[in-house]
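Asks:
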Amino acid sequence: ILQADLRRIGVELKTRFIEWNAFGERMRNHEFQAALSAFTMGVDPDQAWNLFHTEARKDGRNYGGYSNKRVDELFDLARRCFDQPIRMGHYAELFKIVYDDTPYTFLVNAQNLWAFNKRVRGVQFSPRGPHAFHPGLRDWWTPEGEPLHTPARP
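195 is the number of the first residue of the sequence shown in the working numbering; add one for each residue after it.
#1: Here's a check: name, in chain order, each residue in its chain whose Cβ is nearer than 6 Å to the Cβ of Tyr285, leaving out the five neighbours to either side.
#2: Locate the alpha helix (DSSP H) running through Asn215, then write down its first and last residues.
#3: Determine whether the Cβ of Tyr293 lies closer than 8 Å to any Cβ atom of chain D.
#4: Phe217 to Phe211, Cα distance in whole Å?
#5: Taking its Cβ as the centre, do 16 or more other Cβ atoms sit within 10 Å of Phe269, making it buried, or is it exposed?
#6: With Ile195 as the anchor, note down where its alpha helix (DSSP H) starts and where it stops.
#7: Assuming contact is defined by CB atoms lying nearer than 8 Å, are Arg315 and Thr296 in contact in what I supplied?
#8: May I ask which residues mark the beginning and end of the alpha helix (DSSP H) holding Val292?
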C-alpha cells in the first residue's frame with residue numbers, strides 16, 4: 195500500500211525484507227535510507243527517552259538521529275520531578291515538540307476500546323489502558339461460583 199501511494203507522487207520505493215537481527219544492526223548503525231518498523235511505549239512516558247533523546251542516537255533506538263535540546267531538557271526535568279502534575283506537564287510539552295518536529299512519519303496509531311463484563315473484578319487502568327503493566331490481567335478475577343463467561347442464549 196505504501197509503495198503504491200508513494201508511486202502516485204513520483205517516489206520509487208524498493209522494499210527488502212531483512213532478518214530481524216540484521217535489521218536491528220542496520221538500524222543501530224544508521225545504514226538505511228528509510229525503514230518501516232513499529233514501536234510501543236511503556237506505561238511511563240520516560241520510556242520514550244530511548245526514541246527521542248539525543249543521547250539515544252548511539253546506544254538507544256533513536257535510529258533517525260533526532261535531536262532537540264528542549265526535548266532533552268524536558269526529559270531531564272521530568273526524570274528529576276516527583277510532583278506528578280508538573281512531571282506530566284513536562285512530558286506534554288515534550289511530546290508536543292516531537293509531534294511538531296515529526297522525526298518519524300507515524301503511519302498508524304491503533305486506538306483501543308475496552309469493555310468489561312461487570313462480573314470481572316480487579317481491572318485497573320494504567321495511562322495506556324488495562325494492559326502493559328503489572329499485574330494487569332493477571333489480577334483479574336470473578337467472584338467464586340460465577341462463570342468467567344456468559345453462557346450462550348438459546
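For each residue, glycine too, the CB sits at the ideal point set by N, CA and C.
Replies: Reading off the structure:
#1: Pro239 and Ala272
#2: Trp214 to Arg222
#3: Among the protein chains of the structure shown there is no chain D, as only one such chain exists.
#4: 9 Å
#5: buried
#6: Careful: Ile195 lies outside any alpha helix (DSSP H) and carries neither H nor E.
#7: no
#8: Gln278 to Asp295
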